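Undergrad:
Residue numbers (the numbering used here): 1279 to 1391.
(1) Could you work out which residue in 1388, 1369, 1308 and 1364 is closest to residue 1352 when comparing CA atoms only?
(2) Write down the C-beta distance between residue 1350 and residue 1343 rounded to the nearest angstrom, noting that I regard them as a contact closer than 8 Å.
(3) If I follow the unbroken alpha helix (DSSP H) through residue 1375, where does it start and stop?
(4) Residues in the same chain with beta-carbon distance under 8 Å from residue 1325, minus the five sequence neighbours each way, listed in chain order, please.
(5) Under 8 Å by Cβ, that's how I've got residue 1340 and residue 1294 pegged, so tell me the actual separation to the nearest angstrom.
(6) With a threshold of 8 Å on Cβ separation, who are the neighbours of residue 1323 within its own chain once the five nearest residues in sequence on each side are excluded?
(7) DSSP has residue 1313 in a bridge; who is on the other side?
(8) Helix, strand or coil, according to DSSP, for residue 1342 in the structure here?
(9) Sort 1304, 1291 and 1288 by Cα distance to residue 1364 and report the nearest one.
(10) For residue 1320 versus residue 1332, is the C-beta spacing smaller than 8 Å?
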């Protein structure tokens, strides 16, 4: 069994990324570093909203910053993160497909009876 602290850290990490806007930021940053303004425009939300989420991601070392003049650019600390998020989404799609089949099968059987 792994050290319990690892599971605590894992759970905390999952809490941080368990937000649709933060997941969108992670997906955007897969393409490369971006400014807050660029992300806000892509996401269709305010700069202050994106900044809030970036503060949370930065506090957990999920993103890093680079300043160029007045502009702050963000990038992922680990470029593997978007792939892991995609894998989780793929798993969720499969789970939902199985649930749908089970519900459909139950409805079909109920209609026969």
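All C-beta atoms in this analysis are idealised placements derived from N, C-alpha and C, irrespective of residue type, glycine included.
Please read all numbers here as calculations on a predicted model, not as lab measurements.
TA: To lay it out plainly:
(1) Walking along the chain shown from the start, residue 1352 turns up at place 74. With distances taken between Cα atoms, residue 1352 lies closest to 1308.
(2) On the chain shown, position 72 is the one that residue 1350 refers to. On the chain shown, position 65 is the one that residue 1343 refers to. Correct: roughly 5 Å between the Cβ atoms.
(3) Against the chain shown, residue 1375 aligns to sequence position 97. Its alpha helix (DSSP H) spans residues 1359 to 1390.
(4) As a first step, residue 1325 is located in the chain shown; it is residue number 47 there, counting from the start. Once the five neighbours on either side are set aside, the close Cβ partners of residue 1325 are 1314, 1315 and 1318.
(5) Locating residue 1340 in the chain shown gives position 62, counting from the first residue. Locating residue 1294 in the chain shown gives position 16, counting from the first residue. Contact flag correct, Cβ pair sits at about 7 Å.
(6) As a first step, residue 1323 must be located in the chain shown, where it is residue number 45. The residues are 1299.
(7) In the chain shown, the residue the question calls residue 1313 occupies position 35. Beta-bridge pairing links residue 1313 to 1351.
(8) Here residue 1342 corresponds to residue number 64 of the chain shown, with the count starting at 1. Here residue 1342 sits in strand by DSSP.
(9) Indexing the chain shown from 1 puts residue 1364 at position 86. The option with the nearest alpha carbon to residue 1364 is 1304.
(10) As a first step, residue 1320 is located in the chain shown; it is residue number 42 there, counting from the start. As a first step, residue 1332 is located in the chain shown; it is residue number 54 there, counting from the start. Taking 8 Å as the Cβ cut-off, residue 1320 and residue 1332 do not qualify as a contacting pair.
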